[in-house]
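Peer 1: One structure coming up, written as structure tokens, with questions to follow.
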């Protein structure tokens, strides 16, 4: 799917004379494939960076969660999160991050 979209973009760029397929020692088809591969590689690299940033953000979230507090319902005082509460928060954040990673991969 991603490759098909890139091919359409390259074809449109050629039609609009943004890029030329004839100013090269390669055949037009080889030049087109080369351009598509460069674009795809750049997109894949950007996706990899975005995923790494999300993973790092998730790691920081876990470390910060250890410091979170909540108000105790019975006493009204602040207290640290229980293991179950912390697990629930981390689990929710995990699925949020997984959703974002899936969106990046499927773009």
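Numbering (this note's numbering), first residue to last: 400 to 506. Where is the CB? At the ideal position from N, CA and C, for every residue including glycine.
(1) Can you grab the Cα-Cα spacing for the pair residue 426 / residue 440, in whole Å?
(2) Pull the bridge partners of residue 477 from the DSSP assignment, please.
(3) Report yes if the CB atom of residue 464 is closer than 8 Å to the CB atom of residue 482, and no otherwise.
(4) For residue 480, which residues in the same chain have their Cβ closer than 8 Å to its Cβ, ignoring the five residues on either side in sequence?
(5) So, is residue 437 buried or exposed, given that buried needs 16 or more other C-beta atoms within 10 angstroms?
(6) Among residues of its own chain, excluding the 5 on either side of residue 442, which ones have a beta-carbon nearer than 6 Å to its beta-carbon?
Peer 2: Once the coordinates are examined:
(1) Those two C-alpha atoms are separated by around 21 Å.
(2) Residue pairing by DSSP puts residue 477 in a beta bridge opposite 470.
(3) Not in contact: residue 464 and residue 482 (Cβ atoms no closer than 8 Å).
(4) Taken in chain order, the residues that qualify are 464, 467, 468, 469 and 488.
(5) With fewer than 16 Cβ atoms within 10 Å of its Cβ, residue 437 is classed as exposed.
(6) Contacts found: none.
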